[in-house]
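Numbering (this note's numbering), first residue to last: 67 to 440. For reference, the structure discussed in these notes is given below.
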Amino acid sequence: MHVTSTFDSGNIEVVSSDLETDIQLKIQIDHASEHFQWFHYRVCGVRGKALTMRVLNAGEASYPKGWENYRAVASYDRQRWFRVPTSFDGKVLKIEHTPTSDAVFYAYFAPYSLERHADLIATSLRSPLVRHELLGQTLDGRDLDLLKIGEPGKHKKTCWIIARQHPGESMAEWLMEGLLARLLDDEDPVARGLLRRAVFYVVPNMNPDGSYRGHLRTNAAGANLNREWLEPTMERSPEVYLVRQRMRATGVDFCLDVHGDEGLPYNFIAGPEGVTSVRPETTALQRTYESTLMAVNPDFQMTHGYPAAAPGEANMTMATNYIADAFDCLAMTLEQPFKDTADTPHEELGWSPERCRKLGCSNLDALARVIDRL
67 MHVTSTFDSG NIEVVSSDLE TDIQLKIQID HASEHFQWFH YRVCGVRGKA LTMRVLNAGE
127 ASYPKGWENY RAVASYDRQR WFRVPTSFDG KVLKIEHTPT SDAVFYAYFA PYSLERHADL
187 IATSLRSPLV RHELLGQTLD GRDLDLLKIG EPGKHKKTCW IIARQHPGES MAEWLMEGLL
247 ARLLDDEDPV ARGLLRRAVF YVVPNMNPDG SYRGHLRTNA AGANLNREWL EPTMERSPEV
307 YLVRQRMRAT GVDFCLDVHG DEGLPYNFIA GPEGVTSVRP ETTALQRTYE STLMAVNPDF
367 QMTHGYPAAA PGEANMTMAT NYIADAFDCL AMTLEQPFKD TADTPHEELG WSPERCRKLG
427 CSNLDALARV IDRL
């Protein structure tokens, strides 16, 4: 038996693997940071063996409540990810599974590799509507990709969609995959209507360094990108610096920032509550967007979410708050669960890549509802 994580987005420290009934593990901390929660590893030589894996430092993770009612995901082929029995006693996360194959992968959520990201960019470029822009390089020297879809026009809106500022929130890029597939479907009437009215700037992965390193929340410098928007620098947060610079050149009428939430078993939107410059008309547009999304996709809801910040108390270092204020536009953060949706659960898969993709598709219906009022 062998446990390894030396691959794209891998993260685990093996404390002991002498017995399949007592595999002891620890999650490694994000570089130059105190954050940790993402794990992704492979176990070999275990066909038919009843595995008990204990993550010893789970209780010290960034969001320990994220382990409550949580089930880890597993895969034999890295294509289909399913949930396995998992429990948490307040300190140790225990994962139990009997593999039917010689090798099996386990992860916090279905990983979205940089190889798949490269495929997403290349596949999107098959469309004549898409242009690729290389915004620059990250601190580890990786490309920061931007897809420009459609052409600006006199009466066209400028829509930005960004994802995965927090690299461990891989569900964000799964959602982007579904959204892009529909937006580029020439036979989809909603997509065609949107592209007549708007040009899109899409960054499917804001944090390729953290994604590859197996980080939960930070980039190669230990920066939480969603706390860098007020004063980003090329030395600490080039990803935000470069995207913000491009936004200033294009302007922004709409921005959706896609994330995942460790603790809440819901899909929900967090708006720029507490930003005093946001107009009542913009807040009303957000509510219309949310209600439309809920109507077309029952996996989305409007009851549960983050508490609203008091007027003037918004954290302006966050993307949604900064963009809403700087561009006087509709800006929102879309959160998805690591667990399952409490209202619409799927026993075998939980919240899954395919459900992420379908929610991405549904966001175009919501945007179509408000596009002419942006």
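All residues carry an ideal CB built from backbone N, CA and C; glycine is no exception.
Find out if the Cβ-Cβ distance for the pair residue i, residue j is shorter than 8 Å.
i           : j           : result
residue 373 : residue 326 : no
residue 341 : residue 390 : yes
residue 186 : residue 234 : no
residue 383 : residue 293 : yes
residue 427 : residue 260 : no
Quick one: grab the DSSP three-state call for residue i.
i           : result
residue 147 : coil
residue 326 : strand
residue 313 : helix
residue 171 : strand
residue 321 : strand
residue 99  : coil
residue 267 : strand
residue 427 : helix
residue 191 : coil
residue 360 : helix
residue 387 : helix
residue 85  : coil
residue 80  : strand
residue 178 : coil
residue 50  : Not covered by the structure: residue 50. The range shown for the chain is 67 to 440.
residue 155 : coil
residue 209 : strand
residue 308 : helix
residue 352 : helix
residue 69  : strand
residue 393 : helix
residue 107 : strand
residue 346 : helix
residue 198 : strand
residue 183 : helix
So, for residue i: in the same chain, excluding its five sequence neighbours on each side, which residues have a beta-carbon less than 7 Å away from its beta-carbon?
i           : result
residue 415 : 148 and 149
residue 434 : 256, 259 and 260
residue 254 : 248
residue 275 : 204, 205, 206, 208, 285 and 286
Within the same chain, show all residues whose beta-carbon is closer than 6 Å to that of residue i, passing over the 5 residues directly before and after it, in chain order.
i           : result
residue 159 : 121, 124 and 133
residue 324 : 229, 238, 241 and 400
residue 432 : 355, 358 and 359
Here's a check: name, in chain order, each residue in its chain whose Cβ is nearer than 8 Å to the Cβ of residue i, leaving out the five neighbours to either side.
i           : result
residue 258 : 252
residue 299 : 307
residue 312 : 199, 201, 212 and 267
If residue i and residue j are in contact, beta carbons under 8 Å, what's the gap, nearest whole angstrom?
i           : j           : result
residue 67  : residue 83  : 6 Å
residue 265 : residue 222 : 5 Å
residue 484 : residue 200 : Residue 484 lies beyond the stretch modelled for the chain, which goes from 67 to 440, so this question has no answer here.
residue 116 : residue 164 : 5 Å
residue 169 : residue 109 : 7 Å
residue 365 : residue 316 : Going by Cβ atoms, the distance from residue 365 to residue 316 rounds to 31 Å, so no, they are not a contact pair.
Just to confirm the assignment: which complete beta strand (DSSP E) runs, minimum length 3, are found wholly within the region 225–265? Counting only runs that start and end inside the region 225–265, there is no beta strand (DSSP E) element of at least 3 residues.
Give the list of continuous beta strand (DSSP E) stretches no shorter than 3 residues that lie fully inside the region 120–147. Taking 3 residues as the minimum length, the beta strand (DSSP E) runs contained wholly in the region 120–147 are 139–141, in order along the chain.
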